[in-house]
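Colleague: Residue numbers (UniProt numbering): 242 to 610. For reference, the structure I am asking about is given below.
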Ligand code: G6P
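Pasting the structure below:
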């Protein structure tokens with residue numbers, strides 16, 4: 242096992258550090274070298290077929306569901322097609338509006354999660370076109386879906402998912418651009434800019450990974466917290482949910498993720514002197530709104546970490562600590578902002594002496610209901 246960890250203390254840390262390569266692999270083969278456009282040889286969908294879908298429905302569990310939340314933002318933004326995203330265990334027990342004009346996307350690292358598989362089967366019965374985004378070749382979900390996008394993250398051993406999540410998110414970016422190309426809703430210039438930015442992400446991720454001392458210290462500093470809150474707006478909210486789940490899974494500290502605008506409708510009552518707040522400020526258009534929310538929690542004594550794009554120095558005046566991530570398109574920041582969150586949960590768990598790779602009560606793959 243030690244050899245498999247390749248010099249890292251835990252599989253989780255190894256897998257966090259494998260993300261730049263995993264993203265490169267997932268991208269390679271999906272970008273046409275001549276045109277620099279997205280191409281999924283495994284899909285080969287016609288323009289007519291894509292035009293037929295009037296709705297997309299994403300189903301998944303856990304971390305894969307959080308990738309799905311970003312998938313919704315990306316597909317809606319790039320194609321203006323409405324997208325629903327739902328946890329599979331809810332989807333399967335109601336009467337979902339899925340027709341033959343719906344594209345259902347099942348997201349699952351293992352490809353074996355019982356609820357996601359059941360949701361996929363139900364969607365097929367309803368006549369939908371089904372696509373799976375999965376990391377395991379030959380898994381049940383990959384075999385049963387009409388089409389498959391394989392994330393090339395390599396085997397993920399740690400229960401807390403990291404590289405599977407970022408490759409799922411990347412797959413949604415590529416898929417969103419692919420659909421927009423088919424629907425002629427993206428200009429060649431915009432396409433070129435997006436592709437350039439995406440291809441630059443692995444290198445930018447390396448920058449975060451190899452300068453992580455401050456993140457480590459921060460992770461250790463919150464180990465005795467009673468509760469930790471993650472705040473964001475827009476797509477940062479989806480990243481906040483994933484950061485909060487990571488922390489809960491392996492540190493066993495209670496945490497909640499909140500759309501910052503909702504704070505005043507209840508959560509603010511829970512903020513006390515010294516409560517750690519991890520706030521994401523990567524969306525330029527929501528930047529000032531977030532600063533307003535940070536003022537609200539700081540006034541109640543919270544200790545605030547701000548995660549923002551480099552250059553946004555203004556934020557340093559409002560928060561106790563700042564973590565800068567390299568600059569990219571607003572739409573793509575989740576691939577970078579999630580990395581400090583993964584590292585924070587890792588170092589918090591480590592400081593508490595928990596079993597990072599095998600947290601209590603949890604399984605890597607849930608194949609029973
Ligand atoms: C379990 C794992 C999570 C994972 C979820 C969905 O709960 O502990 O890390 O996100 O299952 O798994 P899947 O394989 O379908 O992505």
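The beta carbon of each residue, even a glycine, is placed where N, CA and C say it ideally should be.
1) Grouping DSSP H, G and I as helix and E and B as strand, with all else coil, what is residue 465?
2) Any chance you could list the beta strand (DSSP E) runs of at least 3 consecutive residues sitting entirely within the stretch 423-499, in chain order?
3) Kindly list the residues whose CB is nearer than 7 Å to the CB of residue 355, restricted to its own chain and excluding five residues on each side of it in sequence; keep chain order.
4) Taking 6 Å as the cut-off, is the CB of residue 303 close to at least one heavy atom of the ligand G6P?
5) Are three or more beta carbon pairs between the stretch 315-329 and the stretch 562-570 nearer than 8 Å?
6) Just the C-alpha distance for residue 428 and residue 556, rounded to the nearest angstrom, thanks.
7) DSSP state of residue 318, grouped into three classes?
8) Considering Cα atoms alone, identify which of 378, 361, 377 is closest to residue 371.
9) Helix, strand or coil, according to DSSP, for residue 261 in the structure here?
10) Nearer than 6 Å: is that true of the beta carbon of residue 290 relative to any heavy atom of the ligand G6P?
11) Quick check on residue 595: does DSSP put it in helix, strand or coil?
12) Is the closest heavy atom of the ligand G6P to the C-beta of residue 351 under 6 Å?
13) Should residue 458 be labelled buried (16 or more other beta-carbon atoms within 10 Å of its own) or exposed?
14) Let's test the definition: count the other Cβ atoms within 10 Å of the Cβ of residue 465 and tell me whether it reaches 16, buried, or not, exposed.
15) Here's a check: name, in chain order, each residue in its chain whose Cβ is nearer than 7 Å to the Cβ of residue 348, leaving out the five neighbours to either side.
16) Give a yes or no on whether the C-beta atoms belonging to residue 291 and residue 423 are separated by under 7 Å.
17) With DSSP collapsed to three states, give me the class of residue 327.
18) For residue 344, write down the residues that DSSP places opposite it in a beta bridge.
19) Among residues of its own chain, excluding the 5 on either side of residue 321, which ones have a beta-carbon nearer than 8 Å to its beta-carbon?
20) If I follow the unbroken beta strand (DSSP E) through residue 389, where does it start and stop?
21) Decide if the stretch 401-419 is in contact with the stretch 276-292; the criterion is three or more beta carbon pairs, one per stretch, under 8 Å apart.
22) Can you find the residues in the same chain that come closer than 7 Å, C-beta to C-beta, to residue 363, ignoring five residues on each side of it along the sequence?
23) By how many angstroms is the C-alpha of residue 579 removed from the C-alpha of residue 342?
24) Would you say residue 352 and residue 330 are within 7 Å of each other, going by their C-beta atoms?
25) May I ask whether a heavy atom of the ligand G6P can be found less than 6 Å away from the beta carbon of residue 345?
26) To which residues of the same chain is residue 251 closer than 6 Å at the C-beta, ignoring the five residues directly before and after it?
27) Go to residue 534, then tell me how far its beta strand (DSSP E) extends in each direction, as first and last residue.
28) So, is residue 255 buried or exposed, given that buried needs 16 or more other C-beta atoms within 10 angstroms?
29) Taking 7 Å as the threshold (beta carbon to beta carbon), is residue 422 in contact with chain D?
30) So the candidates are 532, 478, 399; which of them puts its Cα closest to the Cα of residue 249?
31) DSSP on residue 549, reduced to helix/strand/coil?
32) Identify the residues that DSSP records as bridge partners of residue 375: which are they?
33) Pull up the DSSP beta-bridge partners for residue 600, would you.
34) For residue 606, is the beta carbon positioned less than 6 Å from some heavy atom of the ligand G6P?
35) Specify, as a first and last residue, the run of the beta strand (DSSP E) that residue 272 falls within.
36) Give me the DSSP bridge partner(s) of residue 636.
Modeller: Looking at the atomic coordinates:
1) coil
2) 468-473
3) 607, 608, 609, 610
4) yes
5) no
6) 34 Å
7) helix
8) 361
9) helix
10) no
11) coil
12) yes
13) exposed
14) exposed
15) 299, 301, 305, 308, 309, 374, 409
16) yes
17) strand
18) 297, 370
19) 426
20) 388-391
21) yes
22) 333
23) 33 Å
24) no
25) no
26) 597, 598
27) Looking at the DSSP string, residue 534 is not in any beta strand (DSSP E); the run it does join, the alpha helix (DSSP H), is 528-539.
28) buried
29) Included in the structure is just one protein chain, with no chain D present.
30) 399
31) strand
32) 349, 391
33) According to DSSP, which records beta bridges pairwise, residue 600 is partnered with nothing at all.
34) yes
35) Counting along the chain, residue 272 falls outside any beta strand (DSSP E), and DSSP gives it neither H nor E.
36) Outside the displayed range of the chain (242 to 610) lies residue 636, so it cannot be described from this structure.
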